[in-house]
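Undergrad: First the structure, then my questions, so here it is.
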Amino acid sequence: MDILVPLLQLLVLLLTLPLHLMALLGCWQPLCKSYFPYLMAVLTSKSNRKMESKKRELFSQIKGLTGASGKVDLLELGCGTGANFQFYPPGCRVTCLDPNPHFEKFLTKSMAENRHLQYERFVVAPGEDMRQLADGSMDVVVCTLVLCSVQSPRKVLQEVQRVLRPGGVLFFWEHVTEPHGSWAFMWQQVLEPTWKHIGDGCCLTRETWKDLENAQFSKVQMERHPPLFKWLPVGPHIMGKAVK
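The numbers in the UniProt record's numbering rise by one with no breaks, and the one at position 139 of the sequence shown is 139.
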């Protein structure tokens with residue numbers, strides 16, 4: 001199986017050569033940033049239908065995390081199209097952060113559809129560098145399908161801990177690698193170099209649960225779920241919370 005991976009990677013590279021050449025020349029990234037929000041709008045709508053009950057169960061815990069302001073100051077990390085807004089309880093003051101400015105018009109639409117929330121601002125920045133947000137300023141951070149595509153999950157989680165108040169909670173839902181040695185894992189290895197371009201940096205083989213367990217949260221709770229879409233190379237998911 002180990003011998004097959006580089007051979008199949010080369011075959012996929014040849015089949016998708018124009019994409020890789022565009023990426024090499026710097027032409028692909030601007031195009032990807034423009035189309036990716038539209039792709040995510042479709043996929044998140046489908047995933048929300050499949051995960052609705054689980055998301056409602058997870059985010060219902062936000063109600064008890066009111067800060068000194070009497071509201072819940074919530075940071076949506078890698079906010080995308082605002083697909084989680086409908087699941088947040090009333091009384092949340094939502095700050096959105098994403099490195100892709102093209103998501104803003106989708107966020108405006110999502111906030112207009114979710115009047116029970118208070119929209120604070122949209123910060124264009126990577127998760128590894130949230131210097132625009134003050135230490136201990138957030139009661140809750142939400143991170144869904146984000147840690148797969150950041151440059152450094154470790155640095156992102158360090159920043160999450162910095163902006164969370166003591167006792168604040170990170171809620172997460174992330175896809176992770178298939179079991180090593182499986183055929184599904186082999187195909188993830190084969191497709192990952194190309195998938196990163198299609199999915200705006202998305203990595204298929206990350207062991208994100210290890211990053212969460214090593215991030216020095218006082219408590220981490222998570223459960224594992226099977227892949228949502230059999231027709232995508234994206235693997236199983238982990239869902240849960242981590243307490244600062």
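Where a beta carbon is used, it is the ideal one built from N, C-alpha and C, also for glycine.
Bear in mind that the values here come from a model prediction, so they are computed numbers and not experimental data.
Please specify which runs of the alpha helix (DSSP H), each continuous and at least 4 residues long, are wholly inside the UniProt domain "Methyltransferase type 11" (75-172), giving them in chain order.
TA: For the UniProt domain "Methyltransferase type 11" (75-172), whole alpha helix (DSSP H) runs of length 4 or above, ordered along the chain, are 104-112, 153-163.
Undergrad: Could you tell me which whole alpha helix (DSSP H) segments of length 4 or greater appear in the stretch 195-220?
TA: The qualifying runs are 208-213.
Undergrad: Along the chain, where does the alpha helix (DSSP H) containing histidine 20 start, and where does it finish?
TA: First-last of the alpha helix (DSSP H) with histidine 20: 17-24.
Undergrad: Can you give the Cα-Cα distance for tyrosine 88 and isoleucine 62, rounded to whole angstroms?
TA: Roughly 7 Å separates the two Cα atoms.
Undergrad: On the three-pair Cβ rule with 8 Å, is the stretch 63-81 touching the stretch 123-138?
TA: Segments in contact, yes.
Undergrad: Identify, in the order they occur along the chain, each residue of the same chain with its Cβ nearer than 6 Å to the Cβ of phenylalanine 172, setting aside the five sequence neighbours on each side.
TA: Only Cys143 meet the Cβ criterion.
Undergrad: In whole angstroms, what separates the C-alpha of cysteine 203 from that of cysteine 148?
TA: Computed Cα separation, rounded: 5 Å.
Undergrad: How many Å lie between valine 169 and methionine 111 at the Cα?
TA: The straight-line gap from Cα to Cα measures roughly 22 Å.
Undergrad: Going by beta carbon distance, what residues of the same chain come within less than 6 Å of cysteine 96, once the five residues before and after it are set aside?
TA: Excluding positions up to five away in sequence, the list reads Glu76, Cys79, Leu107, Phe122.
Undergrad: Go ahead and label serine 47 buried or exposed: buried means 16 or more other beta carbons lie within 10 angstroms of its beta carbon, across all protein chains shown.
TA: Buried, since its Cβ has 16 or more Cβ neighbours within 10 Å.
Undergrad: Which residues share a DSSP beta bridge with isoleucine 62?
TA: Isoleucine 62 pairs with nothing; no bridge assigned.
Undergrad: By the 10 Å Cβ neighbour count, where 16 or more other Cβ atoms means buried, how is phenylalanine 229 classified, buried or exposed?
TA: That one is exposed.
Undergrad: What are the boundary residues of the beta strand (DSSP E) that includes histidine 237?
TA: Taken as a continuous stretch (DSSP letters only), the beta strand (DSSP E) holding histidine 237 covers 237-243.
Undergrad: Between tyrosine 119 and the rest of its own chain, which residues show a CB-CB distance below 7 Å, the 5 nearest in sequence each way excluded?
TA: Excluding positions up to five away in sequence, the list reads Val94, Met111.
Undergrad: Alpha carbon to alpha carbon, what distance is there between alanine 83 and glycine 235?
TA: Using only the alpha carbons, I get a separation of about 20 Å.
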